[in-house]
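J.: These protein sequence lines map, in sequence, to chains A, B and C. The letter at position 38 of the first sequence is residue 37 when you use numbering that gives the first Met the number 0, and the numbering goes up by one with no holes. The letter at position 243 of the second sequence is residue 242 when you use numbering that gives the first Met the number 0, and the numbering goes up by one with no holes. The letter at position 482 of the third sequence is residue 481 when you use numbering that gives the first Met the number 0, and the numbering goes up by one with no holes. The following block contains the structure, expressed as structure tokens.
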Amino acid sequence: MIALLRSGFSARRSRHGLWGGPLVIVVALLVILTLGTDQFATRENLFNLVAQAMPLFIAAIGQMFVILVGGLDLSIGSVISFSTAILSLDGPAVVLIPAVFLLAGLVGLINGLVITRLNVHPIIATLAMQYILLGITRFLRPVSGGEIPQVVIAAVQGSVFGVPLPLFWGLIAIGLAAKILYGSRFGLHLFGIGGGVAAGMEDAARTYGIRVDRNIVLAYVTCSLFAALAGAFLAGRIVSGDPNVGLLFELDAITAVAIGGTQLSGGVGSLHGTVLGAIVMVLLANGMNMANVSPFVQTAIKGGLLLAIVGLQSRKKMGL
Amino acid sequence: MANVLSHPIWRRLAAVPPAYYVFGLLLLTLWLARPNMLNPNVLGIFVRQVVPLGILVLGQLLVMRVRSIDLSGGGVILLINYIITSRTFPEASGLTFVIMALAIGGAVGLLNGYMVAKRRVSAVIVTLAVSIILVGLVQFLSSGKPPGDVPKYMNQIFDIKYGPLPLPVLFWLACTGVMWLVMQQSVYGRYVEAVGESAEAAAFSGVPVERTVVMAHVLAGLIAAVAALVQTGSIAVGSVRVGLDLPILAVAATILGGVVFGRGEGGVWGPFFGVLSFALLFVVMTVFGIDEPGKLIAQGLIILMAAILYGWRSKRG
Amino acid sequence: MFDGEPACLIEMQSISKAFGHSKVLRNVTLSLRSGSVHALMGENGAGKSTLMKILAGVHRSDNGRILKDGKLLQLSSPREALAAGISTVFQEHSLLPNLTIAENMFLGREPLKRGGGLDRRRMRAETAAALAELGLKLEPDQLVSTLTIAERQFVEIAHGIKADASVLILDEPTAALNAADVEVLNRSIRQLRAEGRAIVYISHRMDEIFDICDEVTVLKDGQYVGTRAIKDVTPNGLIAMMVGRELSDLFPARTASIGKPVLELAGFCATPKARPFDLTLHQGEILGLAGLEGQGQQRIMRALIGRYLPAGGTLRLYGQTLKFPGAANGIRAMARLGLGFVPEDRKDEGLMLGLSVAANLVIALHAEQPAFARAKGMKAVVQRMTDALRIKTASPTTPVASLSGGNQQKVLLGRYLARDVKILMIEEPTRGVDIGAKSEIYALLRDFAKAGGAVLVTSRETVELIGLCDRLAVIHGDTVVAELPAASATEHSILAAALTAEGVAA
């Protein structure tokens, strides 16, 4: 146990990244918030917190897959908005819900193929995709509205045995991600590919017979699917389709992943780090809300946080 | 058939930046659909709308040539617009505003350049983060409400016309000319060319690579400040959302104009026509009744197509 | 060839391979017996690595075939080679640093549990067994990035054993090992031999080869020279097999007048473990850093421009003591002092391929100017350089990528000559250059020295250094092991100095 904790603070000993830092910050924030205010530790606030945290939580987990192979997905904000828009259309739930995931998977597939086959930089490809999807979303749902299938709303709002339903979403997301990342060949291959990319030995993974391109495409598909899950959750919460709800989500997700110790250059990172990073951001937001900090300032602070965190990660390449 | 396609003339045509074709095509479309719009006065007004974008593009093409990117221009425009319209400095003269704007743009550019060149952070993330900070700051200061009016003299200057040619358009042409001179005639232009082509080879030749990249971002910041001043002159009242979509449009126009990460085949005039193409594109779209969603999709598709084209070409070449 | 011996495990017949225009291997044969340790020797560029990469499935040969136990092998990927029982431990380690030992061992062929998930328990157990077999005290869950180079090498060997390889290819296995590790390695090799496996041992270390190997094959310039039993040869005999090329008359006559020292290294230590040495470069002379590849020549050269931080020593330039340049501004600072550095990789480090000949020629001159000054066209300079160097190009505005290798190299050189450097440091002056251009480049360098310049050059072609230089410093183990006048040097004497020296600290 001690060894496990120590590994979180040493960059050398573990490929899980420096998740010791966010762990300390989470604990510190929990202490500060519980002792510093009376509203934090209330059932109402905590329930609300979990519900508010879930979309970022899920989106960050998805983003982690792509970052581990040294890429980035800037389109998840639009995927989230798009998902809420689809669910808000007229149609039976049995059609709409699978449609959301199918379409999100398609988006991920296109992203991955454009990046690996057509040689386009991940940032450009996903940025372009974000605008295309945004346009499609605004076309489907120009202003927020529409009706979300009951089944989705019921799955999001309320609680079971006193435990808020959103928490289950989170646990499912973590469970799925853990199985994929740590329990499957695909997950190991992602680390292998990312490690090669980060160390400048891009062909290393290939010499082991790993199908690099295919795995990268799958990573983008996974990321989009998690984004769709986050979008579905959001739809259940705001009970409408909203073309703007996903704006800036991608940067928040990247910040959460980076705070959690995952390196943007690839190959180093962890699920628990990402989870902790997302919790840090959510606790910060909660704390700032309780301190009556203007939402505009909060946005600015998040930008500053992102800048600081990525400024600490070093890489050789200059520019894009 | 294959022999026809491999004729050198196709390669020369393929080397021309897409912006020229797109511009020509759109002009033709407009002429066929609404020939009465093709008179100089109307066109002059449309072109004047895109002058802030056109100026911003000058900075973007510089930065993209050294394989970086600048998405913070929108934040700079918003901040400068706020400072001018919020009457924070009620006694300030036009000159003071200009100096303040340049100082802000330069400072933002310096921060961007430092993070990109020295700390080696991804340029997209840095400039987006900076943009978020600036936007958050402005929206907080303005409490989300639009600030005051733009000084009258700025609107007046913006409205000056020489016949059908609006002053802002002339100004844009002059700025483009200056940038062209810098890229073609100055030593710095050679540095940019070298670093964009191969940073390693440039370093071994003695070119100050990091300094070149920092300077590119600083210049882009200054240019964004100039764009901000023009943009402010174009509206009557301050806004909390002005200019935010410009940086990504600038990327699209630049790529369309043949300047893509490290490659500068489009020069300065390719992106110029890229901007004009977008101006026409929006007009044509409005004429055909396609509105905002269509514009967004068009933006994204153009970036994607152009990037694919260059990705494909560099793979072969 | 050998009577009563077990049949050949591996036979490589008539293997030829060319990369573009350069023929790396021509009709090479190699026979490996099971239960033997077979040394593979040859100079830089002899083709040893390429031959083994073909056996390992990394490259495919243009001609010839490979037989295992008499059956034809089709090796089109490293995975297939591994499946055929051929395992390699290359010099460039391909272990992924961010994975554990066990994960590296099984990457690409991970065992799965019944449910479809990774069977990490089995991975761990089998890895532990393989490590124990080699007597290694390493845990399967250790990250490769925490291992020393020696440990990583052993892990790669364990990987080969784990994959039940019948052929193990070891490329310079002891490069990073100390004496104790070498003993461990030798013990493992002997055990593997006893088990009937075939081991290919690529190395330059004579004492090790004579210690552990049974037979040796020598390659020269991509061709097969011969195979001998180790008990039938001597180190000198092997060296004789590796060298012996005709010195062509590509080279201009050497100048007699050597001037005062322009660059002096005193007590220079390339790495903490290397022996310090002194080296002096004089005006008017061409000094070559000879010896086998990768023995420190590049480290020494690049320390002078800040691309490598030496472990110690002093630098004097024109009699003035200087600090070794730093990474950020090293090249610019040294350029201002009249030092030009020509990197070896024309494509990635030297030329800006998409730009014109003119742009590439004058960029170093531009780099001297203040940034916002007017850039002079420098047409006269371009013309002067193109004429003086006889650069064949349709026009100065042609992209340099479309020039031939020789002309490209001339453009690269021209850049520094245009800047009027006093000291020229060149890595691989004629790599990928045709014969005609080679002799032109040699003449240029000699003229440069005659006019008062000084040249420091490294090259993998020893013959080139002998013909071109006035003096040779033989580098081995990151230090100078011998200094010879080039006029009386031979390939044999240089190689002997390198291979039989005690330059390396154990």
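Beta carbons are placed, not taken as given, at the ideal position from N, Cα and C, and that holds for glycine.
According to DSSP, is residue 86(C) helix, strand or coil?
T.: Here residue 86(C) sits in strand by DSSP.
J.: Alpha carbon to alpha carbon, what distance is there between residue 154(C) and residue 100(C)?
T.: 7 Å
J.: Between 132(C), 12(C), 276(C) and 143(C), which has its C-alpha nearest residue 266(A)'s C-alpha?
T.: With distances taken between CA atoms, residue 266(A) lies nearest to 143(C) out of 132(C), 12(C), 276(C) and 143(C).
J.: Check for me: the beta strand (DSSP E) holding residue 117(C) runs from which residue to which?
T.: Residue 117(C) -> no beta strand (DSSP E), and no H or E assigned at all.
J.: Only counting the same chain, and skipping five residues up and downstream in sequence, which positions put a Cβ closer than 6 Å to that of residue 54(A)?
T.: 229, 232 and 233
J.: Residues in the same chain with beta-carbon distance under 7 Å from residue 55(C), minus the five sequence neighbours each way, listed in chain order, please.
T.: 77, 80, 85, 87 and 168
J.: Looking at residue 224(C) and residue 240(C), is the spacing between their C-beta atoms short of 7 Å?
T.: Taking 7 Å as the cut-off, the beta carbon of residue 240(C) is found closer than this to the beta carbon of residue 224(C).
J.: Taking the alpha carbon of residue 87(B) as the reference point, which residue from 176(B), 22(B), 214(B) and 237(B) has its own alpha carbon closest?
T.: 237(B)
J.: What span of residues does the beta strand (DSSP E) with residue 15(C) cover, start to end?
T.: 7–18
J.: If you follow the beta strand (DSSP E) that residue 212(C) is in, where does it begin and where does it stop?
T.: Unbroken run through residue 212(C): none, as it is neither H nor E.
J.: Since residue 339(C) is in the beta strand (DSSP E), which residue starts that stretch and which ends it?
T.: For residue 339(C), the uninterrupted beta strand (DSSP E) segment begins and ends at 338–341.
J.: Might you give, ordered along the chain, the residues of its own chain that have their beta carbon closer than 7 Å to the beta carbon of residue 38(A), omitting 5 neighbours on each side?
T.: 44 and 289
J.: Helix, strand or coil: how does DSSP classify residue 109(C) here?
T.: coil
J.: Does the distance from the C-beta atom of residue 126(B) to that of residue 85(B) stay below 7 Å?
T.: No, they are not a contact pair.
J.: If we ignore side chains and look at the alpha-carbon of each, how far apart do residue 311(C) and residue 271(C) end up?
T.: 8 Å
J.: Helix, strand or coil: how does DSSP classify residue 222(C) here?
T.: strand
J.: Could you round the C-beta distance between residue 87(A) and residue 227(A) to whole angstroms and report it? I think they count as a contact, below 8 Å.
T.: That pair is no contact at about 14 Å.
J.: Looking at C-alpha atoms only, which residue of 137(A), 271(A), 154(A) and 299(A) is the closest neighbour of residue 59(A)?
T.: 271(A)
J.: Does residue 95(C) get closer than 7 Å to chain A when you measure Cβ to Cβ?
T.: yes
J.: Is the beta carbon of residue 228(B) sitting closer than 7 Å to the one on residue 100(B)?
T.: yes
J.: In the stretch 63–144 of chain A, which residue ranges form an unbroken alpha helix (DSSP H) of at least 4 residues, counting only runs that do not cross its ends?
T.: 75–86, 92–115 and 121–139
J.: If residue 124(B) and residue 258(A) are in contact, beta carbons under 8 Å, what's the gap, nearest whole angstrom?
T.: Residue 124(B) to residue 258(A), Cβ: 13 Å. No contact.
J.: Which same chain residues end up closer than 8 Å to residue 12(C) when comparing Cβ atoms and leaving out the 5 residues on each side of it in sequence?
T.: 28, 63, 64, 65 and 66
J.: Per DSSP, what kind of secondary structure is residue 315(B) in: helix, strand or coil?
T.: Low per-residue confidence applies at residue 315(B): pLDDT is 46, beneath 50, and the placement is therefore not dependable, though the value from the model is reported in the following sentence. Of the three classes helix, strand and coil, the one that applies to residue 315(B) here is helix, per DSSP.
J.: Throw me the rounded Cβ distance for the residue 190(A) and residue 48(A) pair, which I believe falls under 8 Å.
T.: Rounded, the Cβ-Cβ distance is 32 Å, inconsistent with contact.
J.: Could you tell me the boundaries of the alpha helix (DSSP H) in which residue 281(C) lies?
T.: Counting along the chain, residue 281(C) falls outside any alpha helix (DSSP H), though it belongs to the beta strand (DSSP E) covering 276–281.
J.: Buried or exposed: which applies to residue 30(B), given that a residue is buried once 16 or more other Cβ atoms fall within 10 Å of its Cβ?
T.: Answer is exposed; the Cβ neighbour count stays below 16.
J.: With DSSP run on the structure shown, which of helix, strand or coil describes residue 381(A)?
T.: This structure does not reach residue 381(A), given that chain A is present from 0 up to 319, and the question cannot be answered.
J.: How far does the alpha helix (DSSP H) with residue 42(B) in it extend, from its first residue to its last?
T.: Element bounds for residue 42(B): 39–48.
J.: Tell me which same chain residues have a C-beta within less than 6 Å of the C-beta of residue 280(A), skipping the five on either side of it?
T.: 255
J.: Find out if the Cβ-Cβ distance for the pair residue 60(C), residue 14(C) is shorter than 7 Å.
T.: yes
J.: Pull up the distance between the alpha-carbon of residue 38(C) and that of residue 21(C), whole angstroms please.
T.: 25 Å
J.: Can you find at least 3 beta carbon pairs, one from the stretch 101–112 of chain A and one from the stretch 204–222 of chain A, that sit closer than 8 Å?
T.: yes
J.: CA-CA distance, residue 107(C) and residue 260(A)?
T.: 27 Å
J.: Express the C-alpha separation of residue 479(C) and residue 278(A) in angstroms, rounding to a whole number.
T.: Our two residues, residue 278(A) and residue 479(C), have alpha carbons roughly 58 Å apart in a direct line.
J.: Could you pull the DSSP bridge partners for residue 475(C) from this structure?
T.: Residue 475(C) is bridged to 478(C).
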